[in-house]
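Participant: Below is the structure I would like to discuss, written out as structure tokens.
2 protein chains.
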Amino acid sequence: MPTPGPRDPSRVARQAQMRDQNLGVALRGIVDAVQPPSRAQLAASEGLARATVSGLVDHLIEARLVRELDPTQTQRAGRPAVPLAPAQGTVGGVGMEINVDYLGVRAIDLAGDVLAEHVELDDLRGADAGTVLDRLAALVAPVIDGLCGRGVRVAGTVLALPGLVDRVTGPLRVAPNLGWRDVDVVAALSAHPALGAFPPRVANEANLAARAEAHARRGSPSFAYVSGEVGIGGAIVLDGEIFPGRHGWSGEVGHIVVDAFRGPHASDGSLEALAGQDAMLRAAGLPSTARLDALLDALDAGDERAASAVAQAARALGVALANVANVVDVGEVVLGGTFGQLYDHVHDEVAARLDELVIFAPWSPLEVSRACAGQYPAMTGGALAALSTVLTDPAEWLRTQTA
Amino acid sequence: MPTPGPRDPSRVARQAQMRDQNLGVALRGIVDAVQPPSRAQLAASEGLARATVSGLVDHLIEARLVRELDPTQTQRAGRPAVPLAPAQGTVGGVGMEINVDYLGVRAIDLAGDVLAEHVELDDLRGADAGTVLDRLAALVAPVIDGLCGRGVRVAGTVLALPGLVDRVTGPLRVAPNLGWRDVDVVAALSAHPALGAFPPRVANEANLAARAEAHARRGSPSFAYVSGEVGIGGAIVLDGEIFPGRHGWSGEVGHIVVDAFRGPHASDGSLEALAGQDAMLRAAGLPSTARLDALLDALDAGDERAASAVAQAARALGVALANVANVVDVGEVVLGGTFGQLYDHVHDEVAARLDELVIFAPWSPLEVSRACAGQYPAMTGGALAALSTVLTDPAEWLRTQTA
DNA sequence: CCGGTTTAGTTTGCCGGATGAATTTATCCC
DNA sequence: GGGATAAATTCATCCGGCAAACTAAACCGG
Chain X
64 MPTPGPRDPS RVARQAQMRD QNLGVALRGI VDAVQPPSRA QLAASEGLAR ATVSGLVDHL
124 IEARLVRELD PTQTQRAGRP AVPLAPAQGT VGGVGMEINV DYLGVRAIDL AGDVLAEHVE
184 LDDLRGADAG TVLDRLAALV APVIDGLCGR GVRVAGTVLA LPGLVDRVTG PLRVAPNLGW
244 RDVDVVAALS AHPALGAFPP RVANEANLAA RAEAHARRGS PSFAYVSGEV GIGGAIVLDG
304 EIFPGRHGWS GEVGHIVVDA FRGPHASDGS LEALAGQDAM LRAAGLPSTA RLDALLDALD
364 AGDERAASAV AQAARALGVA LANVANVVDV GEVVLGGTFG QLYDHVHDEV AARLDELVIF
424 APWSPLEVSR ACAGQYPAMT GGALAALSTV LTDPAEWLRT QTA
Chain P
64 MPTPGPRDPS RVARQAQMRD QNLGVALRGI VDAVQPPSRA QLAASEGLAR ATVSGLVDHL
124 IEARLVRELD PTQTQRAGRP AVPLAPAQGT VGGVGMEINV DYLGVRAIDL AGDVLAEHVE
184 LDDLRGADAG TVLDRLAALV APVIDGLCGR GVRVAGTVLA LPGLVDRVTG PLRVAPNLGW
244 RDVDVVAALS AHPALGAFPP RVANEANLAA RAEAHARRGS PSFAYVSGEV GIGGAIVLDG
304 EIFPGRHGWS GEVGHIVVDA FRGPHASDGS LEALAGQDAM LRAAGLPSTA RLDALLDALD
364 AGDERAASAV AQAARALGVA LANVANVVDV GEVVLGGTFG QLYDHVHDEV AARLDELVIF
424 APWSPLEVSR ACAGQYPAMT GGALAALSTV LTDPAEWLRT QTA
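Taken in sequence, the protein lines are chains X and P. The working numbering numbers the first residue of the first sequence as 64 and each following residue consecutively. The working numbering numbers the first residue of the second sequence as 64 and each following residue consecutively.
Okay, structure coming up:
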């Protein structure tokens, strides 16, 4: 037998890696901090020597990833600390999204500030993939040019799509609600000049929205996220990290079957079939062309059919989320998208089903909350995902920049 | 605001840690290898310098975790390699299990050889927890004494229970099929003299069985494991590692609801209610006191009711596993316990439901296979879990030994 | 039998990077 | 203005991985 070759060189510890890793620790310590920490605080909180942190921080400042704030005039004795904060407008992550009703871009820097944003509302159901991607490119190109012109280094671009995306090889497998199937999104976008230099990573809309949600909540929360747009997507977040699965296909809560014996096809009992936007509108007796607003209006008006439609959907949602909790042991459920808007009408039923069905509920009650990541969270999540390449290994990223 | 204190000192890289980590890399490289590797092969496969590996291996040999085999007489030119293998009988992990029909112990060394084993068959449904734990202690004590007497260092003890166990604090929360609830298992066992020195870790039976299964398959597989005993347990394995969840409560596939509208309680549609051993026996028209063998006999005899009972159960099982696959993106399903015995009767239906319902099936077909970890896999998994403390950080474990 | 070749393992000097102690800097307080 | 106090930097040290040189143990061809 021949030598099997390097198997997993990432696990071994080299000394060069040590430096790189600690550079990342320091940067994340500064970016994730609630209040700008000083070098000394950073050293204490990370367990490194002050001298070490000083060296790392110098490196980060020189790379324009971190900046020093004005010394705080505290009332204590001793030399005042120099607070450290993420640099503003020096590195930008670009998040893009194509969804059923809109497409757009959002660029965010390390400080979390939005550097640029454009959204176009339009019904893209069944639209030609090539055409839509061209439109997106036309929207994104000036943003990227603007960033570069202002001296912002682009960390990367990430595109959110409402479908199944292979995180390893890139192509979109299927986006049912757009009517797309097996589209090589990366190649199509990379063909455009401004985007060619920053070939996009593509990811599922719900996973990226969940990332934005985790970021908005700070403190490495764990939760199951449900993103009801036209379809129902979802994601699992553990300790603040998206749980991607092997291919990035995890968290597909819309395809959870909660009523296996409903129709001839077991998929007739899936969450999306029972609680998708179309299903709810139909059950409420509203035309399929209606929007969610119509359903909300009907609910506010006290419409019985609307109430029962939402109640049925909430029951299915609660059961599906209980299944998720039983499988991955998450303690919190976050409702986003459609279900965020319907939050007040579904919360109690979802919470009741979780209490009833999740086996560990008596010892660790589940919490249900509403998404708080703002509008178009997947765009934010995409920008954050782009920035995460800088945050996870700043040294490596800096090497790619100079090269 | 005061200093927040050390937050996550595990992420930072110190130089001492580097050594410790590489010691673990080397040890795992030797233990997990298909064929005993030489120092040079190890260096090549892990990406370390030969000199470094030599030093690490010397350390491991001195600690009696690794041994040198006789040089292989290969037909090639050059100095013959010295193959390295895990030491035999120098360190033992002790796995224990209490289940509905039996209780037992199994001790395994780093080489994977069974050093000792005792199983007592008995119906423990509703048995008093204290009494059963005393019986287990009486079974385990001579095993541990025997190991110590033979110079085997006990790496730890792990108890498998068919219920919900808090992996952080230890106590058993609930074991429905034993009729136990909120039992402080660790305290009860630690009270015994021989076990006092090795306070057990407690874990879910299915999770440990899945660990044994992952070990038996080698090569870091990813799969969902189903352990049908009297209840239905399960576990998620990713890259050869058990996915524990926050509390160790993940993989509870038995509580997945696949038929939410079946009865007044949504839990009436859970997998365990539809495909548990009792449910299958009842549906097959067999007395509830019957064993699985009776069902298998009826199937072999061509009994229609038995066939339809198993078919119904298989459908529920397939749907539940499809739900798991959609949520955590695993590509393989392993049937153990009851479902391993029923494998031939359920395989096709389970595979069909997975193909139909798992959204990524068209691009990454799911495989269904039968467990191959042998009898009482949870005992093996417990022993392996105990040994894993040595494997993950041998340096740290050696420090605890000398201290 | 002997020197050349090949591969395994060890020795050695080197280097990067973390570390702790000492030093400098900058503030508050009396 | 002179301690007291805390932040940041400097410096000598140490640890551990690394590359290259070296030794060991086999095969081979004459």
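Glycine included, each C-beta is placed from N, C-alpha and C at the ideal position.
Where are the beta strand (DSSP E) runs, 3 residues long or more, that stay fully inside the segment 142 to 174 of chain P, in chain order?
Facilitator: You should have 147 to 149, 154 to 161, 165 to 172.
Participant: Using a 10 Å radius around the Cβ and a threshold of 16 neighbouring Cβ atoms, would you call X:L429 buried or exposed?
Facilitator: X:L429 is buried by the Cβ-count criterion.
Participant: Taking its Cβ as the centre, do 16 or more other Cβ atoms sit within 10 Å of P:T455, making it buried, or is it exposed?
Facilitator: P:T455 should be labelled exposed.
Participant: Spell out the partners DSSP gives X:N267 in its beta bridges.
Facilitator: Answer is X:L224, bridged to X:N267.
Participant: Mind listing the chain X neighbours of P:M343? Cutoff is C-beta to C-beta under 7 angstroms, in chain order.
Facilitator: Ordered by position in chain X, no residue passes the 7 angstroms Cβ test against P:M343, which lies about 16 angstroms from the chain.
Participant: Contact criterion: CB-CB distance below 9 angstroms. Does X:P134 meet it with respect to chain P?
Facilitator: No, X:P134 lies away from the interface with chain P (no Cβ there is under 9 angstroms from its Cβ).
Participant: Can you give me the Cβ contacts of P:R345 inside the same chain, cut-off strictly under 7 angstroms, excluding the 5 residues immediately before and after it?
Facilitator: The answer, listed in chain order, is S351.
Participant: Counting only runs of 4+ residues fully inside the segment 279 to 325 of chain P, write out the alpha helix (DSSP H) ranges in chain order.
Facilitator: Segments of the alpha helix (DSSP H) lying fully in the segment 279 to 325 of chain P: there are none.
Participant: Can you tell me whether X:P72 is buried or exposed? The criterion is at least 16 other CB atoms within 10 Å of its CB, across all chains shown.
Facilitator: Here the model assigns X:P72 a pLDDT of 41, short of 50, so the residue's position is not dependable, and the following value carries that caveat. Under this definition X:P72 is an exposed residue.
Participant: May I ask which residues mark the beginning and end of the alpha helix (DSSP H) holding X:S333?
Facilitator: That residue, X:S333, is in no alpha helix (DSSP H); it is neither H nor E in DSSP.
Participant: Just checking: is the beta-carbon of X:F402 within a distance shorter than 9 angstroms of some beta-carbon in chain P?
Facilitator: Not one chain P Cβ lies under 9 angstroms of X:F402.
Participant: When you compare each of X:V203, X:R127, X:V75 to P:G87 by their alpha carbons, which one comes out closest?
Facilitator: P:G87 has its Cα closest to that of X:V75, out of X:V203, X:R127, X:V75.
Participant: Give the secondary structure of P:H255 by DSSP, where H, G and I count as helix, E and B as strand, and everything else as coil.
Facilitator: Residue state, collapsed to three classes: coil.
Participant: Pull up the distance between the alpha-carbon of P:G381 and that of P:G444, whole angstroms please.
Facilitator: Answer to the nearest angstrom: the Cα atoms are 25 angstroms apart.
Participant: Of the residues that make up the segment 396 to 424 of chain X, which ones have a beta carbon closer than 9 angstroms to any beta carbon in chain P?
Facilitator: If the cut-off is 9 angstroms between Cβ atoms, the segment 396 to 424 of chain X has R416, E419, L420, V421, I422, F423 near chain P.
Participant: Would you report the Cα separation of X:G303 and P:R77, rounded to the nearest angstrom?
Facilitator: Each residue's Cα considered, the two are about 25 angstroms apart.
Participant: Just reading off the alpha helix (DSSP H) that X:L86 is part of, what are its end residues?
Facilitator: It spans 78 to 94 - the alpha helix (DSSP H) in which X:L86 sits, taken as one unbroken run.
Participant: Return the CA-CA distance between P:D356 and P:A254, expressed in angstroms with no decimal places.
Facilitator: Taking the straight line from one Cα to the other gives about 38 angstroms.
Participant: Please list, in chain order, the chain X residues whose beta carbon lies closer than 7 angstroms to that of P:W243.
Facilitator: Ordered by position in chain X, no residue passes the 7 angstroms Cβ test against P:W243, which lies about 14 angstroms from the chain.
Participant: List the residues of chain P whose Cβ lies closer than 7 angstroms to the Cβ of X:Q84, in chain order.
Facilitator: Within 7 angstroms Cβ-Cβ: A76.
Participant: Taking C-alpha atoms, which residue in P:A272, P:A446, P:R113 lies nearest to P:L178?
Facilitator: The shortest Cα separation from P:L178 among P:A272, P:A446, P:R113 belongs to P:A446.
Participant: What are the residues in the segment 317 to 331 of chain X lying within 7 angstroms of chain P by C-beta distance?
Facilitator: The residues in question are H318, I319, V320, V321, D322, A323, F324, A329, S330.
Participant: Answer yes or no: does any C-beta atom of chain P fall closer than 9 angstroms to that of X:S333?
Facilitator: So, interface residue.
Participant: Give the straight-line distance between the Cα atoms of X:A353 and X:L359, rounded to the nearest whole angstrom.
Facilitator: Cα-Cα distance, rounded: 11 angstroms.
Participant: With a cut-off of 9 angstroms, does the C-beta of X:S451 fall near any C-beta of chain P?
Facilitator: Not an interface residue.
Participant: Beta carbon of P:G297, beta carbon of P:G339: below 9 angstroms?
Facilitator: Contact flag unset, no.
Participant: In this structure, does DSSP put X:A218 in helix, strand or coil?
Facilitator: Strand at X:A218.
Participant: Could you name the residues of the same chain whose beta carbon sits closer than 6 angstroms to that of X:R398, not counting the 5 residues immediately before and after it, in chain order?
Facilitator: In the sequence on display, residue 398 of chain X carries Leu and not Arg. So the list reads V289, Y406, R433, once near-sequence residues are dropped.
Participant: Which chain X residues are close to P:H310, counting only those with a beta carbon under 9 angstroms from its beta carbon?
Facilitator: In chain order: D392, G394, F423, W426, S427.
Participant: For the beta strand (DSSP E) that contains P:R433, what are its first and last residues?
Facilitator: Segment 430 to 433, the beta strand (DSSP E) holding P:R433.
Participant: From the DSSP output, which residues share a beta bridge with P:E131?
Facilitator: Answer is P:L147.
Participant: Report all residues from its chain with a CB closer than 6 angstroms to the CB of X:P65; omit the five preceding and five following residues, and keep chain order.
Facilitator: The predicted position of X:P65 is uncertain, since its pLDDT is 35 and thus under 50; a value taken from the coordinates is nonetheless stated next. Around X:P65: no qualifying Cβ.
Participant: So, does the CB of X:S276 fall closer than 9 angstroms to a CB anywhere in chain P?
Facilitator: The question names Ser, but residue 276 of chain X is Glu in the sequence shown. So no, X:E276 is outside the interface.
Participant: With DSSP as the reference, identify every bridge partner of P:R244, one or two as the case may be.
Facilitator: Paired residues: P:V237.
Participant: Going by Cα to Cα distance, which pick from P:A329, P:L90, P:V300 is closest to X:D418?
Facilitator: Minimum Cα distance to X:D418 is reached at P:A329.
Participant: Who pairs with P:A179 in a beta bridge, going by DSSP?
Facilitator: DSSP output for P:A179 lists P:A170 as bridge partner(s).
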